[in-house]
Amino acid sequence: MFLTLGAVSAIAARTKEIYLYENGVGAINLPYHGTHVGTYNSRATHPSTLLRMEDFIKVLTGEEFGIVNPSLFFTKAEMCRHVAVQELGELMPLTFSCDGFPFRAKNRGQRDSCTSCLLRRQAIELAGLSRYDQNGYLNDLVSPTFAGGDNQLHDLRAMNWQAHRIREAVSRANPWEALVSEFIELKKVELDLCRNRKVQPAELQSKLLHLYSQYAAEWGAFSACRHCDVCKRIA
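For the sequence shown, the numbering used here begins at -7 and goes up steadily by one.
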């Protein structure tokens, strides 16, 4: 829906290109586990989705149209570091990441138990912006004092397991083959982008390996940071 609205607005403004900014980990959205499929695994800003939408608009209008994600090869933490450099941290409380749509009400905090909230916490923490994100969560899963139910830790455990799998894959002798073997979904990303964006396979593989190596390292740093104790939470 949002892509369609963006495309219609762009066409109305007589431009043939729109930009969206979604970190690569969130855009590609590799499954956290075997049951993370369907509505539990959004493809709203997936590279293949953007390409299909481009094709759809071209068929409708008969003209070329582009949807560009300049942040595809950056992690959310890297994007947040850019926010820090630009001294825009004061805007952080105005943003919302939670998957829980019923919680998107005035003066209601984010749950901090979904993958989007946890990725937000990780990125903000590592970008040094936590002081701007103090009171926005209903549950502080990464606090050593968290005393909630085991069911609230499901997504945290899944994210930690995924990061472990990524870390293991990128440390192999042939990291790209190992990563694709672990997450076959990356092969479609490679094929679609190489075919439609005229990117050489070696270049794309290098960028994706850097993205996921960076993400795995960031998750490890987040787990070890003084503000949380993820390892104990998932034990």
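Heads up, the beta-carbon is just placed ideally off N, CA and C, and yes, glycines get one too.
Presumed contact (8 Å Cβ cut-off) between residue i and residue j, rounded CB distance
{"i": "Leu171", "j": "Leu201", "result": "7 Å"}
{"i": "Ala216", "j": "His25", "result": "Their Cβ separation, rounded to whole angstroms, is 23 Å, which puts Ala216 and His25 out of contact at 8 Å."}
DSSP bridge partner residues for residue i (one or two, in chain order)
{"i": "Glu9", "result": "Gly58"}
DSSP-derived helix/strand/coil call for residue i
{"i": "Pro167", "result": "helix"}
{"i": "Arg218", "result": "Here Arg218 scores only 46 on pLDDT, less than 50, and its place in the model should not be relied on; the value that follows carries that caveat. Coil."}
{"i": "Glu14", "result": "coil"}
{"i": "Glu160", "result": "helix"}
{"i": "Ser34", "result": "coil"}
{"i": "Met(-7)", "result": "coil"}
{"i": "Thr41", "result": "helix"}
{"i": "Asp147", "result": "helix"}
{"i": "Asp125", "result": "coil"}
{"i": "Pro193", "result": "helix"}
{"i": "His25", "result": "coil"}
{"i": "Ser1", "result": "helix"}
{"i": "Cys106", "result": "coil"}
{"i": "Phe66", "result": "coil"}
Residue environment, residue i, which counts as buried when at least 16 other CB atoms sit within 10 Å
{"i": "Pro39", "result": "buried"}
{"i": "Arg13", "result": "Strictly speaking, residue 13 in this sequence is Tyr, with Arg absent from that position. Tyr13 is exposed by the Cβ-count criterion."}
{"i": "Thr67", "result": "buried"}
{"i": "Ile192", "result": "According to the sequence shown, residue 192 is Gln rather than Ile. The residue is exposed, with fewer than 16 neighbouring Cβ atoms inside 10 Å."}
{"i": "Arg218", "result": "Here the model assigns Arg218 a pLDDT of 46, short of 50, so the residue's position is not dependable, and the following value carries that caveat. That one is exposed."}
{"i": "Gly18", "result": "buried"}
{"i": "Met84", "result": "buried"}
{"i": "Thr37", "result": "buried"}
{"i": "Ser108", "result": "buried"}
{"i": "Val0", "result": "exposed"}
{"i": "Val162", "result": "buried"}
{"i": "Gly16", "result": "buried"}
How do the segment 40 to 53 and the segment 85 to 92 stand: do at least 3 beta-carbon pairs fall below 8 Å, yes or no?
-> no
Report yes or no: do three or more beta-carbon pairs, one from the segment 203 to 217 and one from the segment 148 to 159, lie closer than 8 Å?
-> yes
Does the segment 55 to 75 touch the segment 102 to 121, meaning 3 or more C-beta pairs lie closer than 8 Å?
-> yes
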